[in-house]
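For our numbering, add 22 to where a residue sits in the sequence shown, where the first one is 1.
C-beta: ideal position from N, C-alpha, C; glycine also.
Report on the structure given below.
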Amino acid sequence: MEMLQSKLGKVVFARLSEDEDLLETITHAAEKSHITAGFFILVGTLKKANLGFYRKGKYETIKIDGPVEIVSCMGNISLKEDKPFAHAHISVSNEKGEVTGGHVMSGCTIAATGELVLIEAADARLLRKLDKKTQLFLWSMEK
Numbered sequence: 023m024e025m026l027q028s029k030l031g032k033v034v035f036a037r038l039s040e041d042e043d044l045l046e047t048i049t050h051a052a053e054k055s056h057i058t059a060g061f062f063i064l065v066g067t068l069k070k071a072n073l074g075f076y077r078k079g080k081y082e083t084i085k086i087d088g089p090v091e092i093v094s095c096m097g098n099i100s101l102k103e104d105k106p107f108a109h110a111h112i113s114v115s116n117e118k119g120e121v122t123g124g125h126v127m128s129g130c131t132i133a134a135t136g137e138l139v140l141i142e143a144a145d146a147r148l149l150r151k152l153d154k155k156t157q158l159f160l161w162s163m164e165k
């Protein structure tokens, strides 16, 4: 296990608007706020969800036509190829209360709104580097 401790820095609140892409907008908020390491939580609604499930070296896709409520969305910000990168997992529910979850992929479109709280890890460097075994970009930690 690798481990790193950091002090908390700034806290950013952002409201996502209809038709914005969830991942793109979280990444943009991190870039605009100069946050390169941190974590976030988000609630709101989606017109459609595009989720992934990692199996045997690749992501299988789960597509959901909405509207759906975001029950929980959380993730982290790190640097991938010297740019802020958002990694998120989400649980969404339909009008019957049935819940589906997974890795957030591009193509999750905001419906009415999204409410983002982004918290900086002030003195940490989280870098994503390709792991040959998993073929995933995993954390490498520096202070």
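Option in G97, S113, L160 and H56 with minimal Cα separation from N72: Looking only at G97, S113, L160 and H56, the smallest Cα-Cα distance to N72 is reached by S113.
Beta strand (DSSP E) segments (min. 3 residues) lying fully within the stretch 32-119: Qualifying beta strand (DSSP E) stretches, in chain order: 60-77, 80-102 and 105-115.
Beta-bridge partners of D145, as assigned by DSSP: Answer by DSSP bridge pairing: none, since D145 is not bridged.
Neighbour-count burial assignment, G97, 16 or more Cβ in a 10 Å radius: With 16 or more other CB atoms across the displayed protein chains lying within 10 angstroms of its CB, G97 is buried.
Assigned secondary structure, E11 (DSSP; H/G/I helix, E/B strand, else coil): Residue 11 is absent from the structure shown; the chain starts at 23 and stops at 165.
Contact the stretch 71-90 vs the stretch 30-37: 3+ CB pairs below 8 Å: Remark: fewer than three beta-carbon pairs, one from each stretch, lie closer than 8 Å, so the stretch 71-90 and the stretch 30-37 are not flagged as touching.
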